[in-house]
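For the sequence shown, my numbering begins at 7 and goes up steadily by one.
Each residue gets a CB set at the ideal place from its N, CA and C atoms; glycine is no exception.
In this text, all values refer to a predicted model and were calculated from it rather than measured experimentally.
What follows is a single structure, written as structure tokens, with notes after it.
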Amino acid sequence: GFPGCLPWGMIYVFLNDYFSNDRGMTVQEATAALTMFGVGGLVGQIFGGWAGQKLYNIDKRWQCVFMGLTTMVSVFPMLYLLNTEDVGTAGFFFMTLFSGFMVSMNGPNVRAVLQNVCVPAIRGTAFAVFSLTDDIGKGLGPALVVVFIRMCDGNRRQAFNIVILFWLFCGA
Numbered sequence: 007g008f009p010g011c012l013p014w015g016m017i018y019v020f021l022n023d024y025f026s027n028d029r030g031m032t033v034q035e036a037t038a039a040l041t042m043f044g045v046g047g048l049v050g051q052i053f054g055g056w057a058g059q060k061l062y063n064i065d066k067r068w069q070c071v072f073m074g075l076t077t078m079v080s081v082f083p084m085l086y087l088l089n090t091e092d093v094g095t096a097g098f099f100f101m102t103l104f105s106g107f108m109v110s111m112n113g114p115n116v117r118a119v120l121q122n123v124c125v126p127a128i129r130g131t132a133f134a135v136f137s138l139t140d141d142i143g144k145g146l147g148p149a150l151v152v153v154f155i156r157m158c159d160g161n162r163r164q165a166f167n168i169v170i171l172f173w174l175f176c177g178a
């Protein structure tokens, strides 16, 4: 839920600037890194939907386990991206692709699980609440990231490392 919106707020609002201003990449390289993250995300959504369905067919609980594990595992490639000294290398760009792939597997599965656990009479309300909290997270996520940056005395690397850890709460 909502804790997962903080890392997304950091990625979409701050990560390009962080790579170019704090990590020494050119704007073009930073943009290419985020593009690779997006391509990985596209493939991750397709694969995640396929894998989630396969796991659901085996045992409904496995789909949720898959979602939690991929969310928590996504923390580690993101921490690498935030902290490595190898910015701009082929390995760095591979990790942006892999990170986008891992974290995006949940998108199609969240909606499927919500569809499956709600009786038809309340399904519309459940999706409305999901959309509302998701949209609030998209709006408040970047604002709360700024709060973390201020709490870390302007050290964006430290703040972003803390923010990424919120995916652990989301996946648990």
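Here DSSP, grouped into helix, strand and coil, assigns N89 to helix. In the DSSP annotation of this structure, the continuous segment of the alpha helix (DSSP H) that includes D141 starts and ends at P126 to M157. Each of F100, M73, S26 and F172 was checked against the Cα of F154, and the nearest Cα belongs to F172. Distance from the CA of M108 to the CA of Q51, rounded to the nearest whole angstrom, comes to 9 Å.
DSSP, read as helix, strand or coil, puts L103 in helix. Under the criterion of beta carbons closer than 8 Å, V119 and Q59 do not qualify as touching, at roughly 11 Å. The DSSP-derived three-state label of R29 is coil. Burial state of T131 is exposed, judged by a 10 Å Cβ sphere holding fewer than 16 other Cβ atoms.
The three-state secondary structure of L171, taken from DSSP, is coil.
Check the Cα spacing between G54 and each of G74, L40, T41 and T37: the tightest is with G74. Judged by DSSP in its simplified three-state form, M111 adopts coil rather than helix or strand.
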